[in-house]
Structure formats: structure tokens, C-alpha cells
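**Student:** For reference, the structure I am asking about is given below.
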Amino acid sequence: MSIQKRVALVTGASRGIGRAIALGLAARGYDLVLNDIAAQQTVLAETATEARRHGGRVLSLHADVSNKAQVQAMVAEAVAQMGSIHAVVNNAGILRASDVESCPEEYWDSVMDINAKGTFLVVQAVLPLMKAQRYGRICNISSIGGKHGAPEQAHYSASKAAVMGFTRVLAQEVGPFGITANCICPGIILTDMGRVNLDDPSISNAWKAKTAMARIGDPEDVAGPVAFFCSDDSAFVTGQTLNVDGGIVLS
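So the working numbering is basically just the index in the sequence shown, starting at one, shifted up by 11.
Written out as C-alpha cells, the structure reads:
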């Protein structure tokens, strides 16, 4: 199977880390299925246009990953138009900050639904296909926040820890079918979601001081490690969690 014939599904692909991952995979010869919610239609289309400049096929599909019916329909449409799905990057995620005592139930539910349940639903939808073709690469985007966390992010940390636990068990279940499952844990990355705090020089400088490489990460810093987990270079690597944080969590 040549890489030019491989199809990768990237969720939450319109902006930030998801966009960088999509463009990184396109540059490496993958055909793409790009997903985001309908509200991100315009920016998702812009990402798709940029990805097509690398010469591959690109399909944009809108779906809420926390909705099983929408996820199932998205995967079915992707297979109908692209022929198969060989790699999945579960990147869609949200963060709604709040301390534990005053955290609205809605915040907890929405963060867990998208970050944790969304990963589960997408994987569940693609597994029959991957098992039938006896090949698959699953890369779930967690966070160093799932390992250590930060104030006002208990629900986010819980959701990302859930992704890591899910991935470890998933790897054991699907390994005999030629499918690998791994996690990427980004650190402090300059995205639209992170820029709210990182625009404050004192906060930005504090994080730089905690990072071995003394800088804030760019979304493109995550694309290469994800591409590794999506490729055959990682064929004997599964159930692992890789920190991509410039040296904050040293393990």
C-alpha cells in the first residue's frame, strides 16, 4: 500500500493543531477527510483549499463528534467517496475554564462529550473498516493537562486523562488486527484557544521558563509526531503516549 493511496481522517481540522496536522499529512502524500462542526464551515474550507495544493484528494465533512449518528454518517460518507480510511487523528476538543466548586454541569458535560466521548465514537465508527482491511493507525490527541492539569481545568484534565486510558486499552484490543493506537500530549501551543492566556507576556514568559526549549510551541510542532504515529515507521509502536511540549513533562 503506497502512502499516496492512504486516507487520513482528521477531526477538528479547521484551525490550530488540527489544521497543522491536516496540512502536515497532506504534505506527506495523504488523501484527507477533514472534519469540523458546521459553524466552522468557512475556515474548514480554507484548510481544505490549502491541503489540496499538495496534490491529494481532500474531502470536508461536517459533524459533531459527540453525536453518534453524525459520526456514523460522516464515516460512511468518507468511505463512499474516498474508498477507505487508513488513519484517524482524533483532534477535536474544547476547553471551558472553571474552578471545581463553581463549574457548571454543562461545562463538565460538553468538555467530556467532545474530548472523551467524541474520541470513542469516531474510533468505534472506523473500527469495523480497519479490522476488515487489517490495517489502521489511530492517533488520539490528549494533553499534558491530562497528566498534571492546572487550576480551573479539572474537567478538561479529566477528559484528556480519559483519552489516554481509553487509548491504552484500545491498543490491546485492536493490535491483532494490524491496528495501532497511540496518544499525543501537546504542551503549551500557540493556538486560538491558547492565545487568550498566552497574549499576556507574564504568562507566556512563565511558561517559557518552565520549558526546556525556552519557547512556546507552534501547531506545526505537533504535526510531525502525529505523522509518525500515522505511518508505518511506527508499525511496532502502540498504546504509547508521547509528550510534545518542548520539555515541560520529562518522562
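The beta-carbon is built from N, C-alpha and C at its ideal position, and this holds for glycine as well.
Could you round the C-beta distance between Ile48 and Asn101 to whole angstroms and report it? I think they count as a contact, below 8 Å.
**Tutor:** What you label residue 48 is simply residue 37 of the sequence shown in a count that begins at 1. What you label residue 101 is simply residue 90 of the sequence shown in a count that begins at 1. Rounded, the Cβ-Cβ distance is 15 Å, inconsistent with contact.
**Student:** From the DSSP output, in three-state form, read off Ala223 for me.
**Tutor:** For the purposes of this step, residue 223 is taken as the residue at position 212 of the sequence shown. Of the three classes helix, strand and coil, the one that applies to Ala223 here is coil, per DSSP.
**Student:** Which value, in whole angstroms, describes the spacing of the CA atoms of Met204 and Gly235?
**Tutor:** Sequence index remark: in the sequence shown, residue 204 carries index 193 (1-based). Sequence index remark: in the sequence shown, residue 235 carries index 224 (1-based). Roughly 21 Å between the two C-alpha positions.
**Student:** Just verifying my parser: in three-state terms, what is the DSSP assignment at Ile28?
**Tutor:** Within the sequence shown, the letter at position 17 stands for residue 28. Correct three-state label for Ile28: helix.
**Student:** Kindly identify the DSSP beta-bridge partner or partners of His73.
**Tutor:** Numbered from its first residue, the sequence shown carries residue 73 at position 62. Per DSSP, Asp47.
**Student:** Within the continuous alpha helix (DSSP H) that includes Thr178, where are the two ends?
**Tutor:** For the purposes of this step, residue 178 is taken as residue 167 along the sequence shown, with counting starting at 1. 165-185 is the extent of the alpha helix (DSSP H) around Thr178.
**Student:** Buried or exposed for Val174, please, with buried defined as at least 16 other CB atoms from any protein chain shown within 10 angstroms of its CB.
**Tutor:** The residue labelled residue 174 in the question sits at position 163 within the sequence shown. Per the 10 Å Cβ criterion, buried.
**Student:** Could you check where the alpha helix (DSSP H) with Thr130 kicks off and where it finishes?
**Tutor:** In the sequence shown, counting from the first residue as 1, residue 130 sits at position 119. Here the alpha helix (DSSP H) through Thr130 covers 129-144.
**Student:** Give the range of the beta strand (DSSP E) segment to which Val100 is assigned.
**Tutor:** Residue 100 sits at position 89 when you count from the first residue of the sequence shown. Segment 98-101, the beta strand (DSSP E) holding Val100.
**Student:** Quick one: grab the DSSP three-state call for Ala19.
**Tutor:** For the purposes of this step, residue 19 is taken as residue 8 along the sequence shown, with counting starting at 1. Three-state DSSP puts Ala19 in a strand.
**Student:** From what residue to what residue does the alpha helix (DSSP H) around Thr58 run?
**Tutor:** For the purposes of this step, residue 58 is taken as residue 47 along the sequence shown, with counting starting at 1. Counting along the chain, the alpha helix (DSSP H) containing Thr58 begins and ends at 52-63.
**Student:** Among the residues of its own chain, which have a CB less than 6 Å from the CB of Gly250, if the five just before and after it don't count?
**Tutor:** The sequence position of residue 250 within the sequence shown is 239, counting from 1. Taken in chain order, the residues that qualify are Arg179, Ala182.
**Student:** Would the beta-carbon of Ser95 fall within 8 Å of that of Gln144?
**Tutor:** Counting from one through the sequence shown, the residue named residue 95 turns up at place 84. Counting from one through the sequence shown, the residue named residue 144 turns up at place 133. A contact, by the Cβ cut-off of 8 Å.
**Student:** Distance, Cα to Cα, Ser223 vs Gln92?
**Tutor:** Along the sequence shown, read from residue 1 onward, the residue named residue 223 stands at position 212. Along the sequence shown, read from residue 1 onward, the residue named residue 92 stands at position 81. A quick correction: the sequence has Ala, not Ser, at residue 223. So the alpha carbons of these two residues sit roughly 44 Å apart.
**Student:** Among Arg30, Phe247, Glu117, which has the Cα closest to the Cα of Ala202?
**Tutor:** Along the sequence shown, read from residue 1 onward, the residue named residue 202 stands at position 191. For the record, residue 202 in the displayed sequence is Thr; it is not Ala. Nearest C-alpha to Thr202: Arg30.
**Student:** Quick check on Asn151: does DSSP put it in helix, strand or coil?
**Tutor:** As a first step, residue 151 must be located in the sequence shown, where it is residue number 140. Here Asn151 sits in strand by DSSP.
**Student:** Count the other CB atoms, across all protein chains shown, that sit within 10 Å of the CB of Ser170; report buried if there are 16 or more and exposed otherwise.
**Tutor:** If you number the sequence shown from 1, residue 170 lands on position 159. Flag for Ser170 reads buried.
**Student:** Apart from the five residues just before and just after Lys142, which ones in its own chain have a Cβ nearer than 6 Å to its Cβ?
**Tutor:** Working through the sequence shown from its first residue, we reach residue 142 at position 131. The answer, listed in chain order, is Phe188.
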